[in-house]
Structure formats: C-alpha cells, structure tokens
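Read the structure below first, then the notes.
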Amino acid sequence: MAGRGHAEAVVMNLLNGLSGCYRTVVADNFFTSISLAKRLLEQDTYLIGTLRSNRTGSGYEVVQKKLKPAISISNRIYLFFQTTKTKLLNLNLFQDRSTNHEKIRKQIWTTRLYLVIFIIILFILVLYTSLNKKSININVQLSSLTQYQQLEIKYKSTLTCPCNRISIEYKEFIELKVSYHEVCTSDFISQQWFDYLYNKQKINDRNFLATASIQFQVLASLCKLTQETINIGLTQFYSTKFISGQLNLNETFQKQINSILNIFQRSISQTFKRTLDMIHEVIHGNFYMTIFQTNWKFTVLERKRFSPFYTNPLTYNNSCNCGTSSKCSEKVILNNSIIDGLVIGCYPFESMLQSSLQCLYNQTCLELILLYFKVQTDNITFNILSSINQYGIDEKVEHMVDRLFVDQWYIDYSYEKYFQQCYPTFCTYSYIQYFNIFYIITTILSLYSGLTITLTLIIPFIIHILFRLFYRRKTFITPLSQTLNQNID
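First residue of the sequence shown: -10, per my numbering; consecutive thereafter.
As structure tokens, then:
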C-alpha cells in the first residue's frame, strides 16, 4: 500500500502540470481508466511521465522523457518528399513472392520503365484527344422561316434541311415581267402609219417610196413575233420544275435563280435568232425576187414572143451586189436630204434589220418623211419616240431583235414562297468540337485496359533483354581488365 501511495503522489504531481481541462482527474481514475490516461498522454505536448514497475523493488519508478521539439512546415515538406522519393524508388508493381534480390531489382526497373512509358502514352492520348476535332450533329424541328434564318446565320456551312416537296414549279416563286422597246407600242407599227406610207404608183420603183410601208410592216411583225416568242417561253418556263431535295441557302438560291434566268433569256433569244437566220438563208439561197425589184431587175433583150426575160442583180453603194450578198444597202435620201438611220437594200426585211430608228426620235426628220409622202397632217398626229434606253437611239433593229426588243427584264422571286413550297420540317447542322472532357475520359478509359495489358507483357521482356545485355557487357569488360593488369605486372 505504501508503494501505491508513493506512485499516486508522483502521478498527481505530473497531472498538476497539464492543462486546466484535465485538473479534475484523480489518481484513482487514472489507474482505473486506461483509455482516458492514454488520451491525456497523447495530448500532452511537453512532458510525458511513464510509470513502470520496479522489478527490483515493490514500488514504481518514474521515467521522464522530453518530447522532440515541434517539426517545422519546411521540414515536414522535406520529409514528405523524401518519403515519397523513397517509396517511388522502391515501387514494385510486378512484385511476387520471390525474395531474390536480383529479381526484385528487375521488377523495380520494370516498374519504372512501365510508369514512364505509360505516362508518355497517356500524355499523348490526352493531347491527341484534346486537339482532335469532333463533328457533332444536331437535329432541330423547324417551324418558321425566321427560325431557319437564325440557324443559317450560325451554321451556314453545315446546315441541311430536307424538302417535303422536291419538285416545285417556277411559277410558285418566280414572276417575270418585260419592258419592250417603245417602238413596239408606238404609232409607227400601226395600220394607219402603213397606209400613209403605201404608194401604189411607185410599187415597182427602187426607192423608199416603194418599200417604206413594207419595211415598217416588217418592224411590226418582228415586234409581234418577239412578244409571242417571249410569252410562249414564259409559259414553258413557269411550268418547268425546280428540283431540290434540300432547302437551298438564301445566297445559293439567288445564284441558282439568276443563272436559270440568264439561261432562259439566252435560250429564247437564240431560238428566235435561229429562226430568222433560217428564213434569211431560204430567201437568199433561192434568189427570190421582191415585188419591188429591189434585188433583181428584169431585162428583155429581144421583144419577141416567148423571148426569155433575164434578171440582173442590183448594186448598192456602187460596190455591193445583191447576187452575192443579201445585205447590200444604202442610206435613204428624200428631197436630197439623208434620213438618219433608215436604209434601203436588196430585201425590205434586211433593210429594216440594218436600219436604226434614229429619225423617229426627231420631229423634224419625221416631218420630212411625211412631207415626202405628201401626208396631210392637219387631222393626224404621229408621236415621236421619246424613251431613250441604255442602248442609244442609233441602235440597229438587228440588235433589237437579238434581245427580242426587250429593254428591261423585271425579275421577282421570293425565297419565302420557295421555303413554303419546299416545306422543310426539320434541319440538321453540325459543329466542330475541339475539347470535350467527357470524350477525353471515355477515350482514355476505353484504351486503358488494352494499354496496361500490352505494357505488362512487353516491358518485362524489354527489361530482361536489357539486363542480359548489361551483364554480358559487364562480364566481357571485367576479364579483359584483369588480363590487361596481369600483362602490365
């Protein structure tokens, strides 16, 4: 009992130096509650008092030890890195039950090479998947043109919208109107004008008095034929179908329509021109004689019964022969005055084509024609041409015919109407995604298993070969060194 009392006194002295929160602890509790004593000892940061049985005597002796001073943060970091370094240097992922030092050494080197190659490959995979472009396709329900236009602005290069109607007639979204040359609606192609210019007494004379009426009738016929050609062409054009499986972008649609319209305009012009060329070749090739004897003239050499009539080609401008060319012509001269633009030639048809309407824009020139034809202008009025187009007043009728007397095409096409006829219900667009963490993770995880298995099989084999080469070289160098040393001795 005396020994126990002595021990209690020692413990109480030790406890008095602890923090205040533990001052209520008594010696009896200390000895009867081991867990409490342990917690108290762990929380004491300066002094630990331990009791041990004094085997030489009946009592206890106190052993006091000073704690090591608190470790600084820098030392803790240093110790952490040193510990980590040691663990990494001794890391062995290929460890087995073998205790052979050389085999363990190979396993450690195998682990090191495995980790280096694995990290390099992993870095390459991450870099590749990060920089690799991935196309993402998105489907969108389409409800309006406004929605489509918004998609077109954002995804113009990849946007596709299938049409529910792949064939649409042009008339559904295109309207064409034509502005013809003023002469085709003027007084100069009216029957009244033809009648004033007609001179029955001069019908067989080679002059403008004889051919004026017929030349302007040719002009009227050309106006009518070109208008009919355009009307027929427009009817066919409107019934032509625009084939498109996908809704075209607005810009692409405009280019296509402009190209289609240019082809249409050229085609009807060329068709009409081919018709006129064919008529021209038929007339000239068969050497038809006009009733006005403007290309060929009858000549009678003998005035006998059944005597033949000979024909001689007429010459214009003292150089051009109607027998060799149907386009011979010369300027019209009335009362010793040259009529601007008008010509007379082998055929009234050709003469009109080579003429211009310059005189019809000039009131003085027009009055000169009326005076020459002795037309009483008291009760009649012929309005001169006043609308000057971009081609000028001296443009030849032949050039007017080439463009079908059209001064202006008025083109109206509606992308909205085209959209309504196409009637797309959904669109698909795609965009390029350069970095997707989910894609990177899934790619790495999908390759991880195969990569680890492959490296696990290959790396040990490589290390084994390297070690054999190393030992073979070491075995070769050591005897050679010994031999050299012996020779020197």
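Where is the CB? At the ideal position from N, CA and C, for every residue including glycine.
Discussion item. Restricting to Cα atoms, I'd like to know which of Leu102, Gln71, Lys76 and Arg86 is closest to Ile451.
Written reply: Ranking the options by Cα distance to Ile451, first place goes to Leu102.
Worksheet entry | Inter-residue Cα distance where the pair is Glu158 and Thr229 | Rounded to the nearest angstrom, the two C-alpha atoms are 6 Å apart.
Discussion item. Less than 7 Å between C-beta atoms, sequence neighbours within five positions excluded: which residues of the same chain meet that for Arg154?
Written reply: Here Arg154 has Gln410, Cys411 and Tyr412 as same chain residues with Cβ atoms under 7 Å from its own Cβ, once five neighbours each way along the sequence are excluded.
Item to complete: Can you have a look at Lys166 and say buried or exposed, based on whether 16 or more other CB atoms are within 10 angstroms of its CB?
Response: With fewer than 16 Cβ atoms within 10 Å of its Cβ, Lys166 is classed as exposed.
Discussion item. Alpha carbons only, please: which of Gln245, Ile257 and Leu236 is nearest the one belonging to Gln225?
Written reply: Relative to Gln225, the option among Gln245, Ile257 and Leu236 whose CA is nearest is Ile257.
Worksheet entry | Of the listed residues Leu140, Leu131, Glu217 and Phe408, nearest to Cys173 (C-alpha basis) | Residue Glu217 holds the alpha-carbon nearest to the alpha-carbon of Cys173 among Leu140, Leu131, Glu217 and Phe408.
Worksheet item: Which one of Leu82, Phe338 and Thr353 has the shortest CA to CA distance from Asp266?
Response: Comparing Cα-Cα distances from Asp266 to each of Leu82, Phe338 and Thr353, the minimum goes to Phe338.
Worksheet entry | Euclidean distance between Cα positions of Ser63 and Thr73 | Thr73 has its alpha-carbon roughly 15 Å from the corresponding atom of Ser63.
Fill in: Local conformation of Tyr305 per DSSP, three classes
Note: Tyr305 maps to strand in three-state DSSP.
Fill in: Contact set for Thr75: own chain, Cβ-Cβ below 6 Å, skip 5 residues either direction
Within the same chain, no residue comes within 6 Å of Thr75 by CB-CB distance, once the 5 residues on both sides are set aside.
Practice prompt. Please classify His453: is it buried, with 16 or more other beta-carbons within 10 angstroms of its beta-carbon, or exposed?
Written response: Residue environment analysis places His453 among the exposed positions, since fewer than 16 neighbouring C-beta atoms fall within 10 angstroms of its C-beta.
Practice prompt. Kindly confirm or deny that the region 346 to 354 and the region 309 to 319 touch, where touching means at least three C-beta pairs closer than 8 Å.
Written response: Fewer than three Cβ pairs drawn from the region 346 to 354 and the region 309 to 319 lie within less than 8 Å of each other, which leaves the two stretches out of contact.
Worksheet item: What residues match up with Glu158 in a beta bridge as DSSP calls it?
Response: In the DSSP assignment, Glu158 forms a beta bridge with Lys230.
Worksheet entry | As assigned by DSSP and simplified to three states, the class of Gln496 | As displayed, the chain neither begins before -10 nor continues past 478, which places residue 496 out of reach and without an answer.
Worksheet item: With DSSP run on the structure shown, which of helix, strand or coil describes Tyr187?
Response: Note: Tyr187 maps to coil in three-state DSSP.
Discussion item. Taking the alpha helix (DSSP H) that Glu319 belongs to, which residues open and close that run?
Written reply: Where Glu319 is concerned, there is no enclosing alpha helix (DSSP H), although the beta strand (DSSP E) it sits in stretches over Ser318 to Leu323.
Worksheet item: What's the call for Val52, buried or exposed, on a 16-neighbour Cβ count within 10 Å?
Response: The pLDDT assigned to Val52 is 47, lower than 50, so where the model puts this residue is not dependable; a value taken from the coordinates is nonetheless given after this. Here Val52 is exposed: its Cβ has fewer than 16 other Cβ atoms, across all protein chains shown, within 10 Å.
Practice prompt. Put Asp329 into one of helix, strand or coil per three-state DSSP.
Written response: The three-state reading of DSSP puts Asp329 in strand, counting E and B together.
Worksheet item: Just the Cα atoms here: how many angstroms apart are Asn220 and Ile127?
Response: Each residue's Cα considered, the two are about 46 Å apart.
Worksheet item: Quick one: Cα of Leu223 to Cα of His170, how far?
Response: A direct Cα-to-Cα measurement between Leu223 and His170 gives close to 18 Å.
Discussion item. Restricting to Cα atoms, I'd like to know which of Val386, Arg94, Ile106 and Phe295 is closest to Lys447.
Written reply: Just to set this straight, residue 447 is Ile in the shown sequence, not Lys. The alpha carbon of Ile447 has as its nearest neighbour, out of Val386, Arg94, Ile106 and Phe295, the alpha carbon of Ile106.
Discussion item. So, for Thr34: in the same chain, excluding its five sequence neighbours on each side, which residues have a beta-carbon less than 6 Å away from its beta-carbon?
Written reply: With a pLDDT of 41 at Thr34, under the threshold of 50, the modelled position of that residue is not reliable, and the figure given next carries that caveat. Cβ within range, chain order: n/a, list empty.
Discussion item. By DSSP's criteria, Ile163 is part of a beta bridge. Which residues make up the other side?
Written reply: Bridge pairing for Ile163: Tyr402 [DSSP].
Worksheet item: DSSP on Cys416, reduced to helix/strand/coil?
Response: Cys416: strand per DSSP, three-state reduction.
Worksheet item: Does the count of Cβ pairs from the region 438 to 446 and the region 261 to 275 closer than 8 Å reach three?
Response: With the cut-off at 8 Å, the region 438 to 446 and the region 261 to 275 do not touch.
Fill in: Collapsed DSSP secondary structure at Gly381 in the structure displayed
Coil at Gly381, not helix or strand.
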